[in-house]
Amino acid sequence: MAEIAVTQDEMMAVYPKVAETMADALGCDVDDIEPNVSLIEGLDAESIDFLDMVFRLERAFKVKIPRGKIVENARGDLPEAEFEQNGIVTEKGLAHLREYLSEVPAERFKTPMKVADIPRLFTPTTFCKLVVRAQKEAAAAA
Amino acid sequence: MSDPHFAAYSFVDRITEFDAAKRACGTFAIPAHVEAFPPAFVAEAVGQLAAWVAMDAIDFRGRPVAALATETRLLGDATPGARLALAVDIQQCDDEAVAYDGHASVDGRRIVELADCLGPMLPVADFDSPSALRERLALLRDGGAPEGRFDGVGDIAVDVAAIVPGKVLHATIDVPKAAPFFADHFPRRPVFPATLLLDLMMRRAMDLARAPEALGRQARATRITHVKMRSFIVPSQRLAVEIALGAVNEGVAKAMLSAKTDERLVASARLEVASG
Chain P
29 MAEIAVTQDE MMAVYPKVAE TMADALGCDV DDIEPNVSLI EGLDAESIDF
79 LDMVFRLERA FKVKIPRGKI VENARGDLPE AEFEQNGIVT EKGLAHLREY
129 LSEVPAERFK TPMKVADIPR LFTPTTFCKL VVRAQKEAAA AA
Chain H
61 MSDPHFAAYS FVDRITEFDA AKRACGTFAI PAHVEAFPPA FVAEAVGQLA
111 AWVAMDAIDF RGRPVAALAT ETRLLGDATP GARLALAVDI QQCDDEAVAY
161 DGHASVDGRR IVELADCLGP MLPVADFDSP SALRERLALL RDGGAPEGRF
211 DGVGDIAVDV AAIVPGKVLH ATIDVPKAAP FFADHFPRRP VFPATLLLDL
261 MMRRAMDLAR APEALGRQAR ATRITHVKMR SFIVPSQRLA VEIALGAVNE
311 GVAKAMLSAK TDERLVASAR LEVASG
């Protein structure tokens, strides 16, 4: 399935509610949420927080976000064998990831990168993209 | 207790309605001999009913374990000897998580309501015997299990290290090395129940709230929000607990409850307390 393009304006339109939802989930002040802060390294988010955030975003935006499949989504159309080998993201996979997570500063893409470390890249903007994509998918389905 | 499995921390003994993957109703007879059955245990009973629906929905591949509870409204008390009427509505359920709402009533009066709860699913076989769970669900749906097998959880000390009356409390909880509830929660992987920890922290929060410096003796807990279990708490683990009560505003105060181990946050919740 082709990836759904998301514009900066579309992301910014949902950002305030995404930030508010994330702050509520993480128990922090909304001012602590910055668009490109790493949720794990900057805001101490853990796997349960990701589940919480997705659940809250689904309710806040009345969309269905494929929980637990964010990394899978990041892989997109790339076959798994081309995306990663033995738990390490391939060069091709990394290029795809850089494109998918274009909001993440380049220096944060370490090499070699473990698949398990991909969530460390996620930022509030990543979740804005997920929300907008989910909105577009819902609209297309309707 | 002869066999603690499905007894020492199991709070559903009959399922009266079961709409697969959608909703269920059940009951739990609180044994008259237990000292108390606090609101956190009532919430646990609702969660356990949801867990039965969830496990059945995914053919017992997984079970909800740690939990998130967005809001739990505390409307009344359950006394020993009472019969809880439980109900859950499943919002979503798949191999990753179950989302649900639910409530518990006594004699037709709603005492606890849970809204927007989420239980991450983990492989059931890591925690319990899938075949034993299937048999138990069949028993619960077919007339129910014997009642009165819960004997309480015993005393678990909360050692208060520092307290500012009406404001903040720091304490230590040493999770027991052994206790009957570990054989039920869970037989293959003992985990200190989140709702048991929540009850211990709520009691200390109410101590703070009932201080003359705060809401006074008539204070009552009305709502728990933002309940989040971040990791398993295991036997013999030491927990550092902090309860911080905020300022009283229009007769309501909010307490932040947290438990850490080795400086790492493992559980947190917020409790609202009202005067009178």
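If you read the sequences in order, they're chains P and H.
Count the first sequence with our numbering and you get residues 29 to 170, in order.
Count the second sequence with our numbering and you get residues 61 to 336, in order.
C-beta atoms are modelled at their ideal positions from N, C-alpha and C, and glycine is treated no differently.
Alpha carbon to alpha carbon, how far is residue i from residue j?
i, j, result
"residue 29 of chain P", "residue 253 of chain H", "Low confidence applies to residue 29 of chain P: its pLDDT is 49, below 50, so where it sits in the model is not reliable, and the reading given next is rough at best. Between residue 29 of chain P and residue 253 of chain H, the C-alpha separation is close to 43 Å."
"residue 65 of chain H", "residue 244 of chain H", "4 Å"
"residue 111 of chain H", "residue 123 of chain H", "7 Å"
"residue 204 of chain H", "residue 87 of chain H", "9 Å"
"residue 264 of chain H", "residue 215 of chain H", "14 Å"
"residue 42 of chain P", "residue 142 of chain H", "48 Å"
"residue 74 of chain H", "residue 200 of chain H", "5 Å"
"residue 161 of chain P", "residue 79 of chain P", "18 Å"
"residue 247 of chain H", "residue 236 of chain H", "16 Å"
"residue 133 of chain H", "residue 100 of chain H", "11 Å"
"residue 202 of chain H", "residue 149 of chain H", "21 Å"
"residue 212 of chain H", "residue 89 of chain H", "13 Å"
"residue 145 of chain P", "residue 106 of chain P", "18 Å"
"residue 276 of chain H", "residue 99 of chain P", "51 Å"
"residue 137 of chain P", "residue 165 of chain H", "53 Å"
"residue 222 of chain H", "residue 268 of chain H", "12 Å"
"residue 329 of chain H", "residue 128 of chain H", "9 Å"
"residue 195 of chain H", "residue 160 of chain H", "24 Å"
"residue 51 of chain P", "residue 232 of chain H", "28 Å"
"residue 105 of chain H", "residue 124 of chain P", "46 Å"
"residue 208 of chain H", "residue 154 of chain H", "33 Å"
"residue 103 of chain P", "residue 114 of chain H", "29 Å"
"residue 118 of chain H", "residue 240 of chain H", "29 Å"
"residue 295 of chain H", "residue 266 of chain H", "26 Å"
"residue 121 of chain P", "residue 54 of chain P", "30 Å"
"residue 229 of chain H", "residue 111 of chain P", "50 Å"
Within 10 angstroms of its Cβ, does residue i collect 16 or more other Cβ (buried), or is it exposed?
i, result
"residue 324 of chain H", "exposed"
"residue 1 of chain H", "Here chain H covers residues 61 to 336 and nothing more, so residue 1 of chain H does not appear."
"residue 318 of chain H", "buried"
"residue 93 of chain H", "exposed"
"residue 298 of chain H", "exposed"
"residue 169 of chain H", "exposed"
"residue 307 of chain H", "exposed"
"residue 34 of chain P", "buried"
"residue 82 of chain H", "exposed"
"residue 238 of chain H", "exposed"
"residue 315 of chain H", "buried"
Start and end of the beta strand (DSSP E) containing residue i?
i, result
"residue 227 of chain H", "Note, residue 227 of chain H: premise wrong, no beta strand (DSSP E); not H, not E."
"residue 115 of chain H", "Unbroken run through residue 115 of chain H is the alpha helix (DSSP H), 99-117; no beta strand (DSSP E)."
"residue 163 of chain H", "157-166"
"residue 143 of chain H", "143-153"
"residue 303 of chain H", "298-305"
"residue 316 of chain H", "312-321"
"residue 329 of chain H", "324-334"
Apart from the five residues just before and just after residue i, which ones in its own chain have a Cβ nearer than 6 Å to its Cβ?
i, result
"residue 292 of chain H", "251"
"residue 166 of chain P", "91"
"residue 283 of chain H", "133, 332"
"residue 163 of chain P", "91"
Below 8 Å CB to CB, which residues in the same chain sit around residue i once its five sequence neighbours on both sides are set aside?
i, result
"residue 159 of chain P", "42, 46, 85, 89, 91, 93"
"residue 133 of chain P", "64"
Does residue i come out as helix, strand or coil in the three-state DSSP assignment?
i, result
"residue 136 of chain P", "helix"
"residue 29 of chain P", "Any answer about residue 29 of chain P is weak, because its pLDDT of 49 lies below 50 and its placement is not dependable; what the coordinates show is given next. DSSP places residue 29 of chain P in coil when its eight states are reduced to three."
"residue 153 of chain P", "helix"
"residue 240 of chain H", "helix"
"residue 77 of chain P", "helix"
"residue 213 of chain H", "coil"
"residue 61 of chain P", "coil"
"residue 66 of chain H", "coil"
"residue 180 of chain H", "strand"
"residue 86 of chain P", "helix"
"residue 267 of chain H", "helix"
"residue 259 of chain H", "helix"
"residue 219 of chain H", "strand"
"residue 290 of chain H", "coil"
"residue 80 of chain H", "coil"
"residue 18 of chain P", "Within the shown structure, residues of chain P are numbered from 29 to 170, placing residue 18 of chain P beyond reach of any answer."
"residue 38 of chain P", "helix"
Span of the alpha helix (DSSP H) holding residue i?
i, result
"residue 124 of chain P", "119-128"
"residue 193 of chain H", "190-201"
"residue 124 of chain H", "Premise fails: residue 124 of chain H lies in the beta strand (DSSP E), 122-124, not in any alpha helix (DSSP H)."
"residue 110 of chain P", "108-111"
Return the chain-ordered list of same chain residues with a C-beta closer than 7 Å to the C-beta of residue i, the five sequence neighbours on each side being excluded.
i, result
"residue 39 of chain P", "153, 156, 157, 160"
"residue 197 of chain H", "112, 116"
"residue 120 of chain H", "184, 190, 193, 194"
"residue 290 of chain H", "325, 326, 327"
"residue 144 of chain H", "87, 88, 90, 102, 105, 138, 164, 166"
"residue 274 of chain H", "226, 268, 305, 308, 313"
"residue 258 of chain H", "100, 287, 329"
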